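>
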Amino acid sequence: MKIRTKFSLLISGLFIILMIALTLLISTRMRSILLREMKSKGASLVMGLAANAEDALATEDDLYLVSFCKDATQMEGITYALIVDRNQIIRGANDIGYLNKGLKKILPFATEGDSLAATLGHYRGEEVYDFSIPITSKLRTRRGERLVKIGAAHLGISKSGIDLAIRNLQLIILGFSLIALSFGLLGAHLLSHFMTRPIKELTKGAEEIGKGNLDYRIPLTSRDELGDLTRAFNRMASSLKEKELIKDAFRRYVSHQVAEEIFKDPERYLRSLKGERRRVTVLFADIRGFTPLAERLEPESVVSLLNDYLTVMVGAVFDNLGTLDKFMGDAIMAVFGAPISYEDDVIRGVKTAIDIQRRIEELNRNREIKIRVGIGINFGEAVVGNIGSKQRMDYTVVGDSVNLAQRLESIAKGGEIIISEPVYQEIKDHFSCQPLPPVQVKGKREPVKIFRVVG
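Now the structure itself:
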């Protein structure tokens, strides 16, 4: 069920409950007022009836009593008028058929007392209030005058008048309630539309973000809580875009698998950004004779040719879960063991070199210009971390082992893979290697043992 429908039903339900409560309250209050007025009217009428019937009842002038009772019932709402003697025998009535009959036969519910009384009962199928009052006459005695009860007057007023007035009032309230409910539903519909529109926009925004459209923004249309939610959504979208840009940039330097591994727990790898010592495998690969070649070709051809071969080399690095440290003109530097290290980092480094040479040969088959690559690999301790200035920093590897790897690359001829002795000790059971004469390296007292990977 849509929020708009729920909101409309809620408003309607609350309004209906309010109208029912209001109707009951007004009806009860109005019934009380009408009943009080009816009792006041009944009391006045029955007192007048008793006062006018006193002399006729005392002189037994039944004809006058009948005529007087008939006149009394001409008023709206009066159902009967009766005059009874002290023995409760009817002496005057609006219906002459009641004459000389006992009061209880006509009005079983009627009561008499020494003062005004009102009793609710049924008369001819409808509810009536019987108002009764004693009729008294002055009796002279030796001790003086005193009042003596000689009968009673009874007047019936129908309760249907009150019920009809209440029903009419309820119908009027119902009519106004339906009109108000219609306007209320219309208002609830408009209000719910106003409230759900930002929610629909948020839903659409979430769908767009889910599709990868991180440029999608929701227009701000209000300054309430929904507006705050819209601003928060737009900030989230901007943050996601920034993170995605960072991820895209990061994936240019590491393989997809390595990138995803880092993204799963970035805090674990943030520590290495500050700088730490690690044993890493460093690979340098350089295109031989590219400078004189570039001087002969057009600039566009140089860039296209270089991009093709560098793409092949970087692809081999990423396929073996290595990290591209940097491009250096027509050369690349790759690292195995940072930021993520594996037990076979050295083996994967050498395998990368072999893959580069194989892919270069495959690329050369369909080209007039043949490219050769020399590769040097070393394994040792180095410092890894963010290095640079405040304006720009690079995640890189520095140290003597890096310098040696670059020196080995400079020694390697086109198509050769030259490795140091630490690398050889790690991979000698996996690859065929050929020892070469030791070389003197700047910064080293003793000549460095080197090997050529042959398969």
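For the sequence shown, the UniProt record's numbering gives the first residue as 1, with consecutive numbering after it. Glycine included, every Cβ here is placed at the ideal spot set by N, Cα and C. Bear in mind the structure is a predicted one, so any value in this text is a computation, not a measurement.
Going by C-alpha to C-alpha distance, which of Phe233, Ile375, Ser115, Gly121 sits closest to Lys104?
The residue you call residue 104 lines up with position 104 of the sequence shown. If we check each option's Cα against that of Lys104, Gly121 comes out closest.
> Would you check if the distance between the CB atom of Ala405 and the CB atom of Phe284 is smaller than 7 Å?
As a first step, residue 405 must be located in the sequence shown, where it is residue number 405. As a first step, residue 284 must be located in the sequence shown, where it is residue number 284. Yes, they are a contact pair.
> Taking Gly156 as the reference, which of Phe176, Ile150, Ile78, Phe183 has the closest Cα?
Start at 1 with the first residue of the sequence shown, and residue 156 comes out as number 156. Measuring from the Cα of Gly156, the nearest candidate turns out to be Ile78.
> Just how far apart, CA to CA, sit Lys6 and Asp228?
Sequence index remark: in the sequence shown, residue 6 carries index 6 (1-based). Sequence index remark: in the sequence shown, residue 228 carries index 228 (1-based). Roughly 23 Å between the two C-alpha positions.
> Please identify the residue among Arg86, Val398, Val402, Glu343 whose C-alpha is closest to the C-alpha of Ile427.
Numbered from its first residue, the sequence shown carries residue 427 at position 427. The candidate whose alpha carbon is nearest that of Ile427 is Glu343.
> Decide yes or no for the touch test of the segment 27 to 36 against the segment 96 to 110: beta carbon pairs closer than 8 Å, at least 3 of them.
Flag = no, the segment 27 to 36 and the segment 96 to 110 do not touch.
> Would you call the segment 336 to 351 in contact with the segment 286 to 295, where contact means no fewer than 3 C-beta pairs closer than 8 Å?
Touching, no.
> Within the continuous alpha helix (DSSP H) that includes Phe431, where are the two ends?
Here the question's residue 431 lines up with position 431 in the sequence shown. Run containing Phe431: none; DSSP gives neither H nor E here.
> Could you check what DSSP says for Glu112 in three-state terms: helix, strand or coil?
Within the sequence shown, the letter at position 112 stands for residue 112. Three-state result, Glu112: coil.
> What are the start and end residues of the alpha helix (DSSP H) that includes Leu324?
Here residue 324 refers to the residue found at position 324 of the sequence shown. Counting along the chain, Leu324 falls outside any alpha helix (DSSP H), though it belongs to the beta strand (DSSP E) covering 323 to 328.
> Between Asn87, Ala117, Ala53, Leu45, which lies nearest to Thr73 when the distance is taken from Cα to Cα?
Within the sequence shown, the letter at position 73 stands for residue 73. Selected option, being the one with the closest Cα: Leu45.
> Check whether the segment 158 to 166 and the segment 39 to 58 touch, using three or more Cβ-Cβ pairs below 8 Å as the test.
These segments do not touch.
> Since Gly374 and Asp286 are thought to touch, with beta carbons under 8 Å apart, how far apart are those beta carbons, to the nearest angstrom?
Here residue 374 corresponds to residue number 374 of the sequence shown, with the count starting at 1. Here residue 286 corresponds to residue number 286 of the sequence shown, with the count starting at 1. Right, the Cβ-Cβ distance comes to about 6 Å (below 8 Å), so this counts as a contact.
> Contact check, Gly337 vs Thr281 under 8 Å by CB: the rounded distance?
What you label residue 337 is simply residue 337 of the sequence shown in a count that begins at 1. What you label residue 281 is simply residue 281 of the sequence shown in a count that begins at 1. Indeed, because the Cβ distance is near 6 Å, the residues count as touching under 8 Å.
> Counting only the same chain and skipping the five closest in sequence on each side, list residues whose C-beta sits under 6 Å from that of Asn403.
The residue you call residue 403 lines up with position 403 of the sequence shown. Once the five neighbours on either side are set aside, Asn403 has no close Cβ partner at all.
> Hey, out of Val335, Ile166, Val453, Ile450, whose CA is closest to Glu381's CA?
By one-based count along the sequence shown, residue 381 stands at place 381. Checking every option, the nearest Cα to that of Glu381 belongs to Val335.
> DSSP three-state call for Thr5: helix, strand or coil?
On the sequence shown, position 5 is the one that residue 5 refers to. Note: Thr5 maps to helix in three-state DSSP.
> In angstroms, rounded to a whole number, what distance separates the CA positions of Lys449 and Ile419?
Translated into the one-based positions of the sequence shown, residue 449 becomes position 449. Translated into the one-based positions of the sequence shown, residue 419 becomes position 419. Going by the C-alpha atoms only, they are around 9 Å apart.
> Let's see if you can read the secondary structure: which residues bound the alpha helix (DSSP H) around Thr73?
The count along the sequence shown starts at 1 and reaches residue 73 at position 73. Careful: Thr73 lies outside any alpha helix (DSSP H) and carries neither H nor E.
> Kindly indicate which three-state DSSP category Thr352 falls into: helix, strand or coil?
Position 352 of the sequence shown, counting from 1, holds the residue named residue 352. Helix at Thr352.
> Hey, His189 and Ser8: beta-carbon distance below 7 Å or not?
The residue given as residue 189 occupies position 189 in the sequence shown. The residue given as residue 8 occupies position 8 in the sequence shown. Yes, they are a contact pair.
> Between the C-alpha atoms of Leu331 and Asn364, what's the straight-line distance to the nearest angstrom?
Residue numbering aside, residue 331 sits at position 331 when the sequence shown is read from its first letter. Residue numbering aside, residue 364 sits at position 364 when the sequence shown is read from its first letter. For clarity, residue 331 is Ala in the given sequence; the question names Leu instead. Each residue's alpha carbon lies about 17 Å from the other.
> Tell me the start and end of each unbroken beta strand (DSSP E) in the segment 144 to 195 that is at least 3 residues and wholly inside, in chain order.
Correct list: 144 to 158.
> Indicate the three-state DSSP secondary structure (helix, strand or coil) for Ala316 in the structure shown.
As a first step, residue 316 is located in the sequence shown; it is residue number 316 there, counting from the start. It is helical.
> On the three-state DSSP scale, how would you describe Leu214?
For this step, residue 214 is matched to residue 214 along the sequence shown. Correct three-state label for Leu214: coil.
> Taking the beta strand (DSSP E) that Asn378 falls in, what are its first and last residues?
Residue 378 sits at position 378 when you count from the first residue of the sequence shown. First-last of the beta strand (DSSP E) with Asn378: 372 to 388.
> Given a cut-off of 7 Å on the beta-carbon distance, is the pair Gly92 and Leu49 in contact?
In the sequence shown, residue 92 corresponds to position 92, counting from 1. In the sequence shown, residue 49 corresponds to position 49, counting from 1. No, these two residues do not count as a Cβ contact at 7 Å.
> Kindly indicate which three-state DSSP category Tyr342 falls into: helix, strand or coil?
Against the sequence shown, residue 342 aligns to sequence position 342. Tyr342: coil per DSSP, three-state reduction.
> Taking 7 Å as the limit between beta carbons, can you name the residues of its chain near Gly399, skipping five residues before and five after?
By 1-based counting over the sequence shown, the position of residue 399 is 399. Glu381, Ala382, Val383, listed in sequence order.
> Taking C-alpha atoms, which residue in Tyr424, Gly388, Leu408 lies nearest to Met333?
On the sequence shown, position 333 is the one that residue 333 refers to. Selected option, being the one with the closest Cα: Leu408.
> When we look at the beta-carbon of Ala353 and count the other beta-carbons within 10 Å, is it buried (16 or more) or exposed?
In the sequence shown, counting from the first residue as 1, residue 353 sits at position 353. Ala353 is buried by the Cβ-count criterion.
> Going by DSSP, what residue range makes up the alpha helix (DSSP H) through Val402?
Taking the sequence shown and counting its residues from 1, one reaches residue 402 at position 402. Val402 -> alpha helix (DSSP H) spans 400 to 411.
> Since Lys138 sits in a beta bridge, which residues does DSSP pair it with?
For this step, residue 138 is matched to residue 138 along the sequence shown. Beta-bridge pairing links Lys138 to Leu147.
> DSSP three-state call for Pro299: helix, strand or coil?
Indexing the sequence shown from 1 puts residue 299 at position 299. Three-state DSSP puts Pro299 in a helix.
> Is the beta carbon of Gly210 sitting closer than 7 Å to the one on Ile218?
As a working mapping, residue 210 is identified with position 210 in the sequence shown. As a working mapping, residue 218 is identified with position 218 in the sequence shown. For Gly210 and Ile218, no; Cβs fall outside 7 Å.
> So is Gly385 buried or exposed if we call it buried at 16+ other beta carbons inside 10 Å?
As a working mapping, residue 385 is identified with position 385 in the sequence shown. Buried is the call here.
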